[in-house]
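Numbering-wise (our numbering), the sequence shown opens with residue 5 and increments by one.
Glycine included, every Cβ here is placed at the ideal spot set by N, Cα and C.
All figures in this text were calculated on a predicted structure; none of them were measured in a lab.
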Amino acid sequence: MAHPSQLGFQDAASPVMEELLHFHDHALMIVLLISTLVLYIIVAMVSTKLTNKYILDSQEIEIVWTILPAVILILIALPSLRILYLMDEVNDPHLTIKAMGHQWYWSYEYTDYEELTFDSYMVPTQDLLPGQFRLLETDHRMVVPVESPTRILVSAEDVLHSWAVPSLGIKMDAVPGRLNQTAFITSRPGLFYGQCSEICGANHSFMPIVVEAVPLKHFEDWSTLLLQDA
């Protein structure tokens, strides 16, 4: 969960998000080294009084500043491609959930069950309980079992939406007439908050997402109770 004045990422709650954090640190270190080198060169050029008027070209320098950037780009691209592959891979999910975006709420359908569907609306500010978060709480949470591969199918009923949960490392566009899919595994029990991340109209800011990760036994009890109420 984010906190006031936070500058970094939220705590990772899935293996993919942990990989993204490692890649962020890797890329940031490369950027820091390049920035330090460029700053040193600028300071050296401004502060020194020595010049060489007779060097018009240098084959060695041209080779270095051609090959070195290519090597740096490869060092950034290879781990990035690996993470893209991991994010796109959906192997033998234990649970499949269909998330449908509407103006301005989400509906969820657990496709492994016959009648397990519900709508998820934002809880108005005046109805919040102590300890709940403004503009982030929903009346029905999307519940998933912990450490269980979960596939989520994302689409939209009317306009473009985007299903995003930062701590899980997920952002999937919801396009009318198109079914996109991704997968995730929650590493620990907890509540993970997100929001629609595609401008979709006047109430775009009021489409929160709450993923509740619980032990498998609790998930079975929850699904049984919901099916009985249906």
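TYR89 sits in a helix when the DSSP states are folded into three classes. When rounded, the separation of the alpha-carbon atoms in VAL47 and LEU133 is 56 Å. MET49: member of the alpha helix (DSSP H) spanning 19-51, first to last residue.
Judged by DSSP in its simplified three-state form, ASP177 adopts strand. Per DSSP, the beta-bridge partners of ARG155 are THR100 and ALA187. For HIS222, the enclosing alpha helix (DSSP H) stretches over residues 220-233.
In the displayed model, PRO170 falls within a helix according to three-state DSSP. No Cβ-Cβ contact shorter than 8 Å links ILE174 with ILE101.
GLY12 is classed as exposed because its beta carbon has fewer than 16 other beta carbons within 10 Å across all chains shown. By the Cβ rule, the segment 219-226 does not count as touching the segment 120-140, because fewer than three pairs are nearer than 8 Å.
According to the DSSP secondary-structure assignment, LEU195 is paired through a beta bridge with GLU216. Taking the Cβ atoms as the reference, THR190 lies roughly 6 Å from VAL148, within the contact range of under 8 Å.
Our two residues, MET33 and THR70, have alpha carbons roughly 21 Å apart in a direct line. For TRP108, the three-state secondary structure derived from DSSP is coil.
Distances from the alpha-carbon of LEU24 to those of VAL163, ILE65 and ARG86 put ARG86 closest.
Under the three-state reduction of DSSP, SER124 is assigned to strand. For MET176 and SER166, the gap between their C-alpha atoms comes out near 6 Å. Membership of PRO149 in the beta strand (DSSP E) is indicated by the continuous run 146-149. Residue burial annotation: GLN10 is exposed, with fewer than 16 other C-beta atoms found within 10 angstroms of its C-beta. Under the 10 Å beta carbon count, MET49 is surrounded by fewer than 16 other beta carbons and is classified as exposed. The segment 211-222 and the segment 138-154 touch, with three or more beta-carbon pairs separated by less than 8 Å. Under the three-state reduction of DSSP, GLU66 is assigned to helix. The residue among PRO83, SER152 and TYR197 with its C-alpha nearest the C-alpha of LYS221 is SER152. In the structure shown, the three-state DSSP call for HIS165 is strand.
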